[in-house]
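So that you can map any letter, position 104 of the sequence shown is 104 in the working numbering, and since no number is skipped, the others follow by simple counting. Ideal Cβ placement from N, Cα and C applies to all residues, glycine included.
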Amino acid sequence: MPNMRYVILQLGDKLQYVEMPADYAYQLSALNLRLHKEVSKLTAQGTPELPLAVAECDQLELLQETASIVGGLDYINELERSFASLNETNYPLISLLTEIRALQAQLEQWYEEEAI
Numbered sequence: 001m002p003n004m005r006y007v008i009l010q011l012g013d014k015l016q017y018v019e020m021p022a023d024y025a026y027q028l029s030a031l032n033l034r035l036h037k038e039v040s041k042l043t044a045q046g047t048p049e050l051p052l053a054v055a056e057c058d059q060l061e062l063l064q065e066t067a068s069i070v071g072g073l074d075y076i077n078e079l080e081r082s083f084a085s086l087n088e089t090n091y092p093l094i095s096l097l098t099e100i101r102a103l104q105a106q107l108e109q110w111y112e113e114e115a116i
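So this is what it looks like as structure tokens:
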């Protein structure tokens, strides 16, 4: 069984739990914090609302039936789609997309290797 970590994200009063391979959880947290620093500089309409990474943990037991765990690759794929769809002209969006896609590629490779 692979070693997993959980990144807990918060948007308003809602929490989101993202399951990541342990070696990549910190990268998601760091990416999230970087995106938060840069998202206010975007001028395009429809800029995604980003939850804020508030914690990481090794074990997670959800106690609310309405809560669920999101897979790391699913989360990063959705994040990439939300930024790729922006029509940004005043900010070098490609630098943010490059960081997102780098983590996306690492996760895809990790999941491929784990399936073997």
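Report the rounded CA-to-CA distance for residue i versus residue j, giving the unit in angstroms.
i	j	result
T98	L42	16 Å
A105	K14	28 Å
P2	R101	23 Å
A22	E114	13 Å
I8	E88	29 Å
A44	Q27	26 Å
N90	M4	38 Å
Y111	T66	27 Å
F83	K37	15 Å
R81	Q109	19 Å
Do residue j and residue i have their beta-carbon atoms positioned less than 9 Å apart in this structure?
i	j	result
I76	L93	no
L33	L52	yes
P48	V54	no
Y24	L107	yes
Q59	Y6	yes
S85	G46	yes
My assumption, with CB atoms under 8 Å, is that residue i sits in contact with residue j. Please give the rounded CB distance.
i	j	result
L50	L35	6 Å
E56	S29	6 Å
Is residue i near the ligand SAM - that is, is its Cβ less than 8 Å away from at least one heavy atom of it?
i	result
D58	Only the bare structure without any ligand can be found here, which leaves the ligand SAM out of the picture.
* To do: Could you pull out every unbroken beta strand (DSSP E) segment of at least 3 residues lying fully inside the segment 27-114, listed in chain order?
  => 52-57 and 69-71
* Stretch pair the segment 14-23 + the segment 55-72: three plus CB contacts closer than 8 Å -> yes
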